[in-house]
Amino acid sequence: MKKKLIISTLVSGLLFFAYFYIELRMPVRFAKDEVEVYIAKGTSFKGAVNKLVNEGVLRRFSLIYFAGKFKGFDRRMKVGFYKFKSGQSPLSIIETLGLGDTVKIKVSVVPGETLRDIARKFGEVNKTEEIKDSTKLSEDFLKQSNDTDLLKSLNVKAPSLEGYLYPDTYVIEKGISSKDALNTMVSNLRKHYPPDFKEKASAIGMTENQVLTLASIIEKEAKLDSERFQISAVYQNRLKMQMQLQADPTAIYGVKSYKEGVTKSDLKNVTPYNTYKIYGLPPGPIAMPNQRSIQAALEPADVPYLYFVAKGDGSHRFSETYEEHLINVDKYRNTINKSAAEATQIEPAPDTKKQQHMKITKKRKTGKVHSKKKISKKSAHKRKRR
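Under this note's numbering, the residues of the sequence shown are numbered 4 to 389, in order.
Here you go:
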């Protein structure tokens, strides 16, 4: 009797273990290929498993819940979006949840971009089932970047976070708030400052905001990395002499896209940022500077230049006097005019056979066709007489 009880218990245990094993590894099929579930802040592991059952991601609660508890997943779960694929096993699903393997998005901040550029990209990649309108997300990003409380908490003494988001590719949680994303990007900027940033800024008599403002102008002006320090010197020399900076990119900041280019009429724009209208630096950066532009702002080249003008190939000619500058401007104009003239001299593409045939037919009707075949002396004599 005792032997039968032992055997019965062993068999029951084996059957339960087999059921448990099969149940945890049996693929779960969804109506869609993928299902995304958001686990909100404050949700317990029990509540998260319950939500997965209600969403149709899991079939049964108890077995999965206790398996997760046994593996310690309840202590590692994170807030965020989780993506599950049709055909995953319950064990794989609970591991995804327990390991905090949330859905990530990528937001790239490119040197020279503005807050509007980054806000647009953030809105596009951070859409969810709850918020499908990328415009709303972009607007919130811009709103937060101008929020005085956030600026104060980040110790940013500028009108906005323009210039304070470090150029990088950010892999962040899907559904992240604009505020948290901005916090991450500003923190990353300060991690990339030179160790002696404060000392160097103080040595040239600039605050953090002024350094970043100058660096952002350098970023928009410099096409060649090697020229950043010379461009920095031009602006620093002008500041010392209380001359207007007259930096073209500042004339269109907040007015139109940099891609549209700067016209003469743009230089007349009356804005707090237009250095053709104001003296000194603008109130804040006009774009996101990279590390080299920040370094150039802190360490200008030891040169006397006050002017520079484009060569037309991405580089610039620098000069100390206005007279030299005018000569360089003429050189630039000549280069542009020469390029335009060469462009107009490009030969048209050769006619197709069909087009050639049509032209010959038309000329025959008007008596103006000239054959490419050799003309005999006799016919040539006749034509001459005519």
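Glycine included, each C-beta is placed from N, C-alpha and C at the ideal position. Model, not experiment: these values are computed from the prediction.
- Per DSSP, Lys44 lies in no beta strand (DSSP E) and is assigned neither H nor E.
- Taking the Cα positions, Ser141 is about 12 Å away from Lys135.
- Looking at Val214, Leu154, Ile207 and Leu301, the one whose alpha-carbon comes closest to that of Lys243 is Ile207.
- Here the region 200 to 215 does not lie against the region 253 to 273, with fewer than 3 beta-carbon pairs under 8 Å apart.
- By alpha-carbon distance to Leu301, the top candidate from Gly178, Thr216, Lys177 and Tyr41 is Thr216.
- Judged by beta-carbon spacing, Leu145 lies within the 8 Å limit of Ala122, meaning their Cβ atoms are closer than that value.
- Distance from the CA of Ile330 to the CA of Gly315, rounded to the nearest whole angstrom, comes to 15 Å.
- In this structure, the CA atom of Asp333 is about 51 Å from the CA atom of Lys130.
- If you look at Lys139, you'll find it in the alpha helix (DSSP H) that goes Ser137 to Ser148.
- Taking a cut-off of 8 Å for Cβ pairs, the region 49 to 58 and the region 146 to 153 do not touch, as fewer than three such pairs fall below it.
- By the Cβ test, the region 293 to 308 is in contact with the region 232 to 247, since at least three Cβ pairs between them sit closer than 8 Å.
- Our two residues, Tyr276 and Met246, have alpha carbons roughly 15 Å apart in a direct line.
- DSSP places Ser235 inside the alpha helix (DSSP H), whose first and last residues are Arg231 to Lys243.
- Residue state for Gly71 is assigned as helix, using DSSP reduced to three classes.
- Annotation: the continuous alpha helix (DSSP H) that includes Ile121 extends over Leu118 to Val128.
- In this structure, the CA atom of Ile42 is about 10 Å from the CA atom of Gly103.
- Note on Asp152: under 16 other CB atoms within 10 angstroms of its CB, so exposed under the neighbour-count rule.
- Inclusion of Glu165 and Gly287 in the CB contact set at 8 Å is warranted, their separation being smaller than that value.
- Our two residues, Thr187 and Ile97, have alpha carbons roughly 29 Å apart in a direct line.
- When secondary structure is reduced to three states using DSSP, Ile108 falls in the strand class.
- Beta-bridge pairing by DSSP links Glu37 to Lys88.
- A Cβ-Cβ distance of about 11 Å is found for the pair Ala250 and Glu222, leaving them out of contact under the 8 Å criterion.
- Counting every other CB atom within 10 Å of its CB across the protein chains shown gives Phe125 a total of 16 or more, marking it as buried.
- Put simply, the backbone Cα of Phe232 is about 13 Å away from that of Phe311.
- Nearest C-alpha to Tyr169 among Thr324, Gly115, Lys182 and Val38: Gly115.
- The alpha helix (DSSP H) runs of length 4 or more contained entirely in the region 159 to 214 are, from start to end of the chain, 181 to 194 and 200 to 206.
- Membership of Ala225 in any alpha helix (DSSP H) is not indicated, and neither H nor E is assigned to it by DSSP.
- Judged by DSSP in its simplified three-state form, Tyr310 adopts strand.
- DSSP assignment within the region 263 to 327 yields the following whole alpha helix (DSSP H) runs of 4 residues or more, N-terminal first: 294 to 301.
- In this structure, Thr99 sits near Phe87, with a CB-CB distance shorter than 8 Å.
- Taking a C-beta distance under 8 Å as the contact criterion, Glu230 and His328 do not qualify as a contact pair.
- Under DSSP, no beta-bridge partner is assigned to Gly257.
- Checking the DSSP bridge columns, you'll see Gly83 partnered with Ile42.
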